[in-house]
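Structure, as structure tokens:
Residue numbers (the working numbering), protein chains in the order written: chain A, 363 to 616; chain B, 7 to 390.
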């Protein structure tokens, strides 16, 4: 699957490159550890099309989260290029990175990281506050996002009143409310029971299909893998395999 | 900025007791600074007014040799009253000794015209009496020498030739006042009588100027304006303000330290929150502004709290005043029995401004750390 676009036809290349919203070219990421350097990612070459429902799979320390952070412009590669929506992550200023995240990238974390002093509505609304929406536009968008995850009736509650599954659904709504092109989910089901994990994954599949958002997961959860249409196995910072599993239509819950 | 204000407000309200504890400490600094400055302003206002009304008038034409703090200068510091001295009330100063209750007390005799109306010394008591040698004294003088109205005692003085003479004097009035320099050790009498007993006819040590006096130049006399005469008093009050400001600074430092501590802790405790803000697209600069505004907002909360209990407190003291201990009144500085604090808009606005700026600064210092924060480490809560 790696370099699967390297076709010979000039027209095809142009056409396909337009479809890729994420391109990672020879990405290397090293972190200082003690006196030396630890290579978290080594020569990663990956491309993601719009609307993909993909997963980075691998054991702890394989580089999944590091890769997600680079794609999310929270981090930048030590070597190589990471192009997200045509923008080279390494060359972005802090402000440009923030703008990219604010308008085009949504995050879902393993720990939901909801802001405790805000209500669910306000947590979801937060991303829109950074953009120039009117109050009524924000309200409409937030309620719609909460409807996607089935939490519109408890919009006024504080996060501490939610169960783990509900909290993760709020996190999905918060990530999706601005309708980003890319949604990065770092172990989103790690703290959830099977029923909640499936419910959340089905919500994500639905959103992926309705909004054509590109989902990239970092996971080693079997439950998640069942839903993915592309699984990229990482080991020791390298791509071990990149497999197209099934078409979207066959994803459970669709 | 509006977003930062809105978020900061929500965050502080959400933080609950921690916010209010900081705000209470800061509001205490607020109220104390305004209270003490209002007290000092009230003292200054009262002292300046009283000094003008009782002693300085619109300035004084003073004999060049006269030094009110050097009793040895009294002997020679007098001269004929200038002929063209309109709107001036002469005062002749001489040293003397009184013998109240079988004790010997050095005093300063001050002769003043019984018809003058420039200063508030109650001279009418000196002319509306049948007593042979009437004198009036202030309440401090009366208290320190255990004298009262109607008391008689021996007065001994030296005339212009240095010859000792003595007579019995009668205290015809003990007047209430707040000016130690017209009271402590002072014996006020009719200047005509003083001229007569000393042989210094139409001599004066200084002349108090009235409203319409236009300063002229005379040999041996120097004119000191009201401002020049008040300089010493204002210097003392100014020094008092400086020493009081040490107290305010300590109070403010404690309050600001509490905010600083909270902000430093916040940045570590709320790492994941900061990481989330950045992940959601807030720039580090905006997050830094948010935390700075949060710190600055403590001063707004403190202002609200301070207003709640400060205004009734200020109003109460403005109405009943603050009683000043007697020891302070006898210290030689003009201090009333009761000082009514004055809380001016300038004082309140300046205090608010100082506190807001200080709170913003102490919040900004830890918040700067956010600009160097790695969002990935922040999201994991791994920053040390």
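From the three backbone atoms N, C-alpha and C, an ideal C-beta is built for every residue, glycine too. Small disclaimer: the values here were computed from a predicted structure and weren't measured.
Measure the CB-CB distance between residue i and residue j and report whether it falls below 7 angstroms.
i	j	result
residue 595(A)	residue 602(A)	yes
residue 412(A)	residue 576(A)	yes
residue 626(A)	residue 430(A)	Since the first residue of chain A shown is 363 and the last is 616, residue 626(A) is not available in this structure.
residue 361(B)	residue 228(B)	no
residue 482(A)	residue 537(A)	no
residue 436(A)	residue 408(A)	no
residue 40(B)	residue 356(B)	no
residue 415(A)	residue 558(A)	no
residue 513(A)	residue 541(A)	no
residue 63(B)	residue 104(B)	no
residue 667(A)	residue 446(A)	This structure leaves residue 667(A) out entirely; chain A is present only between 363 and 616.
residue 213(B)	residue 94(B)	yes
Report the neighbours of residue i on chain B: residues whose CB is nearer than 9 angstroms to its CB, in chain order.
i	result
residue 478(A)	20, 279
residue 437(A)	380, 381, 382
Note down, in chain order, every chain A residue with its Cβ under 9 angstroms from the Cβ of residue i.
i	result
residue 28(B)	Per Cβ cutoff of 9 angstroms: no residues; residue 28(B) is ~16 angstroms from chain A at best.
residue 313(B)	Here the premise fails: no neighbours, minimum Cβ distance about 25 angstroms.
residue 268(B)	Neighbours of residue 268(B) on chain A: none; closest Cβ ~15 angstroms, over 9 angstroms.
residue 356(B)	Result: empty, since nearest Cβ-Cβ is about 33 angstroms, beyond 9 angstroms.
residue 298(B)	Those do not exist, as residue 298(B) stays about 17 angstroms from chain A at its closest Cβ, beyond 9 angstroms.
Using DSSP bridges, identify the partner residues of residue i.
i	result
residue 600(A)	597(A)
residue 394(A)	399(A)
residue 158(B)	176(B)
residue 143(B)	180(B)
residue 77(B)	None, per the DSSP bridge assignment.
residue 196(B)	118(B)
residue 102(B)	113(B), 163(B)
residue 450(A)	445(A)
residue 385(A)	409(A), 445(A)
residue 345(B)	328(B)
How big is the Cα-Cα spacing for residue i and residue j?
i	j	result
residue 264(B)	residue 452(A)	40 angstroms
residue 192(B)	residue 127(B)	12 angstroms
residue 201(B)	residue 118(B)	10 angstroms
residue 146(B)	residue 22(B)	55 angstroms
residue 277(B)	residue 251(B)	38 angstroms
residue 92(B)	residue 35(B)	52 angstroms
residue 24(B)	residue 382(B)	28 angstroms
residue 365(B)	residue 300(B)	10 angstroms
residue 148(B)	residue 115(B)	15 angstroms
residue 45(B)	residue 237(B)	19 angstroms
residue 188(B)	residue 143(B)	9 angstroms
residue 281(B)	residue 294(B)	12 angstroms
residue 57(B)	residue 185(B)	7 angstroms
residue 10(B)	residue 288(B)	11 angstroms
residue 195(B)	residue 106(B)	17 angstroms
residue 605(A)	residue 417(A)	10 angstroms
residue 254(B)	residue 260(B)	10 angstroms
residue 363(A)	residue 570(A)	For residue 363(A), the predicted structure reports a pLDDT of 39, less than 50, and the residue's modelled location is therefore unreliable. A value from the coordinates is still provided. Between residue 363(A) and residue 570(A), the C-alpha separation is close to 21 angstroms.
Which residue comes first and which comes last in the alpha helix (DSSP H) that contains residue i?
i	result
residue 377(B)	No alpha helix (DSSP H) contains residue 377(B), which DSSP labels as neither H nor E.
residue 381(B)	381-386
residue 57(B)	23-57
residue 68(B)	Per DSSP, residue 68(B) belongs to no alpha helix (DSSP H); it is in the beta strand (DSSP E), 66-69.
residue 429(A)	426-433
residue 497(A)	497-510
residue 132(B)	130-133
residue 557(A)	556-573
For residue i, return the contacting residues in chain A, with the cut-off set at a CB-CB distance below 7 angstroms.
i	result
residue 290(B)	456
residue 9(B)	491
In terms of residue numbering, what span does the beta strand (DSSP E) encompassing residue i cover?
i	result
residue 230(B)	227-230
residue 315(B)	Residue 315(B) -> not in any beta strand (DSSP E); alpha helix (DSSP H) instead, spanning 290-326.
residue 417(A)	415-419
residue 444(A)	441-446
residue 530(A)	Per DSSP, residue 530(A) belongs to no beta strand (DSSP E); it is in the alpha helix (DSSP H), 526-538.
residue 468(A)	467-470
residue 545(A)	544-548
residue 581(A)	576-581
residue 213(B)	212-215
Report the neighbours of residue i on chain B: residues whose CB is nearer than 7 angstroms to its CB, in chain order.
i	result
residue 553(A)	By Cβ distance, chain B contributes nothing, its closest Cβ being about 14 angstroms from residue 553(A), past 7 angstroms.
residue 570(A)	Neighbours of residue 570(A) on chain B: none; closest Cβ ~20 angstroms, over 7 angstroms.
Under 8 angstroms between beta-carbons, which chain A residues line up against residue i? List them in chain order, please.
i	result
residue 17(B)	479
residue 286(B)	463, 464, 469, 488, 489, 492, 536
residue 385(B)	436, 471, 475
Applying a beta-carbon distance threshold of less than 8 angstroms, which residues of chain B neighbour residue i?
i	result
residue 507(A)	Residues of chain B passing the Cβ test: none, with the nearest at roughly 14 angstroms.
Starting from the beta carbon of residue i, find every residue of chain E whose beta carbon is closer than 7 angstroms, and list them in chain order.
i	result
residue 557(A)	Looking at the structure shown, chain E is missing, and the protein chains on hand are A and B.
Does the ligand FMN have a heavy atom nearer than 6 angstroms to the CB of residue i?
i	result
residue 303(B)	This structure lacks the ligand FMN, and indeed carries no ligand of any kind.
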